[in-house]
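Residue numbers for the sequence shown follow UniProt numbering, beginning at 1 and rising by one.
Ideal Cβ placement from N, Cα and C applies to all residues, glycine included.
Structure first, then comments.
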Amino acid sequence: MSTQVNASSQSEIHKLKYEPDGSFKRPESSFRSMIEKGGKFEPDKDRYHLFVSYACPWAHRTLIVRKLKGLDDIIPVSIVSPRLGPDGWPFALVDEYPGATVDPLYGSRHVKDLYFRADLNYTGRFTVPILWDKKTHTIVNNESSEIIRIFNTAFNDFLPDNKKVLDFYPEDSRPKIDELNEWIYSGINNGVYRAGLAITQEEYLKAVREVFESLDRVEKILEGKEYLLGDKLTEADIRLYVTIVRFDPVYHGHFKCNLRSIRDGYPKIDRWARKLYWTNAVFKDTTDFDHIKTHYYWSHTIINPNRIVPVGPEPDIRPL
Numbered sequence: 001m002s003t004q005v006n007a008s009s010q011s012e013i014h015k016l017k018y019e020p021d022g023s024f025k026r027p028e029s030s031f032r033s034m035i036e037k038g039g040k041f042e043p044d045k046d047r048y049h050l051f052v053s054y055a056c057p058w059a060h061r062t063l064i065v066r067k068l069k070g071l072d073d074i075i076p077v078s079i080v081s082p083r084l085g086p087d088g089w090p091f092a093l094v095d096e097y098p099g100a101t102v103d104p105l106y107g108s109r110h111v112k113d114l115y116f117r118a119d120l121n122y123t124g125r126f127t128v129p130i131l132w133d134k135k136t137h138t139i140v141n142n143e144s145s146e147i148i149r150i151f152n153t154a155f156n157d158f159l160p161d162n163k164k165v166l167d168f169y170p171e172d173s174r175p176k177i178d179e180l181n182e183w184i185y186s187g188i189n190n191g192v193y194r195a196g197l198a199i200t201q202e203e204y205l206k207a208v209r210e211v212f213e214s215l216d217r218v219e220k221i222l223e224g225k226e227y228l229l230g231d232k233l234t235e236a237d238i239r240l241y242v243t244i245v246r247f248d249p250v251y252h253g254h255f256k257c258n259l260r261s262i263r264d265g266y267p268k269i270d271r272w273a274r275k276l277y278w279t280n281a282v283f284k285d286t287t288d289f290d291h292i293k294t295h296y297y298w299s300h301t302i303i304n305p306n307r308i309v310p311v312g313p314e315p316d317i318r319p320l
């Protein structure tokens, strides 16, 4: 199913809506159902499909948890091209970028086709990730923070014991994880976007200062710790990692978050991220620096009109 509807206002980065003060406000996700026993969307093998971009940090969260939990054979995945254009995220059918795949379900040309298949009158943005239900042919959820919690527990009945016991949002740690997530999202995950996409100097300065104040706070938290909560990997680490691994290659230059780099300004954060990348294959295997750099520098023509993708930094991430 493809559509000829002119939906560029839902696709193009320079048509994002801004507040009167020039600040960027991220819109809410539109599809917020859960997968649960007895509900509309029951847990099942190969009923669901995940659509993602390697470039997108929000989608990257879902790829990490999917692989950590061993859901590869339960929830297949499709990867879009990193070159987001006027029609949004394209599949390989339109843009045969290395690593991009086709939509095996419907042969969609763009992610927007999935949104209009789910709702012909959809007026929101065409974002990834998308958790799709093949039984009812609709979107279950397009909010990454909820998808990773679905992956964390919903399919445990289909998993071996060594995967079933993995819990990245353990009940006894939820208040602390929620507290970390709240200010890390505002100051870092979304903070880099608020800085990079601001259209006034005042809003840029406000956002970029919050980014580095929040990074300073994380640096102190990681003193003497392997993970944010001590010796256990949680969703708070996963949610932070996807921004930190993109920081030096993209956010430092492209989004003007250049007070300090991670590698030269935050030794504890830098070591924490490098340990995740180099000692846990899931983090390395789901991190594609080519897709990341190409997406931001090629797609954001409002910031980089000539679409020149820089060669540095070298290396993308330093060895341990």
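Using C-beta distances below 8 Å, list every residue in its chain close to residue i, excluding the 5 sequence neighbours before and after it, in chain order.
| i | result |
| --- | --- |
| Phe91 | Ser78, Val80, Ser81, Ala100, Thr101, Val102, Asp103, Ser108, Arg109, His110, Val111 |
| Pro57 | Asn189, Val242, Thr243, Arg246 |
| Thr286 | Tyr54, His60, Leu63, Ile64, Lys67 |
| Ala273 | Tyr241, Ile244, Val245, Ile262, Ile317 |
How would you write the range of the alpha helix (DSSP H) that residue i sits in, first residue to last?
| i | result |
| --- | --- |
| Phe212 | 201-221 |
| residue 329 | Absent from the model: residue 329. The displayed extent of the chain is 1 to 320, so no value can be given. |
| Thr279 | 267-279 |
| Thr62 | 57-68 |
| Tyr297 | 289-299 |
| Gly191 | 191-196 |
| Leu259 | That residue, Leu259, is in no alpha helix (DSSP H); it is neither H nor E in DSSP. |
| Asp103 | Element bounds for Asp103: n/a, residue is neither H nor E. |
On the CB-based measure, 16 or more other CB atoms within 10 Å of its CB, does residue i come out buried or exposed?
| i | result |
| --- | --- |
| Arg194 | buried |
| Lys69 | buried |
| Pro267 | exposed |
| His49 | buried |
| Arg174 | exposed |
| Val165 | exposed |
| Glu314 | exposed |
| Gly39 | exposed |
| Asn121 | exposed |
| Lys281 | Note that residue 281 is Ala in the sequence shown here, rather than Lys. It counts as exposed. |
| Asn142 | buried |
| Gln4 | Note that Gln4 scores 48 on pLDDT, short of 50, meaning its location in the model is unreliable; the coordinates nonetheless yield the value given after this. So Gln4 ends up on the exposed side. |
| Lys232 | exposed |
Taking the DSSP output, what are the residues bridged to residue i?
| i | result |
| --- | --- |
| Val77 | Leu50 |
| Ile130 | Phe51 |
| Pro90 | His110 |
| Arg32 | Asn141 |
| Tyr115 | Answer is none; Tyr115 lacks a bridge partner. |
Mind checking which residues open and close the beta strand (DSSP E) that includes residue i?
| i | result |
| --- | --- |
| Asn141 | 138-141 |
If you drop the 5 nearest sequence neighbours on each side, which residues of the same chain put their C-beta closer than 7 Å to that of residue i?
| i | result |
| --- | --- |
| Gly312 | none |
| Arg307 | Tyr297, Trp298, Thr301 |
| Asn181 | Ala236, Arg239 |
Output needed for residue i: all residues of its chain with C-beta closer than 6 Å, excluding positions within five of it in sequence on either side, in chain order.
| i | result |
| --- | --- |
| Ser2 | Unreliable placement is indicated for Ser2, whose pLDDT of 47 sits below 50; the coordinate value is still reported in the next sentence. Hits under 6 Å: Arg109, Asp113. |
| Val140 | Ser33, Phe41, Leu131, Asp133 |
Task: Inside the segment 133-186 only - alpha helix (DSSP H) runs reaching at least 4 residues - done: The segment 133-186 contains these whole alpha helix (DSSP H) runs: 144-153, 161-164, 174-184.
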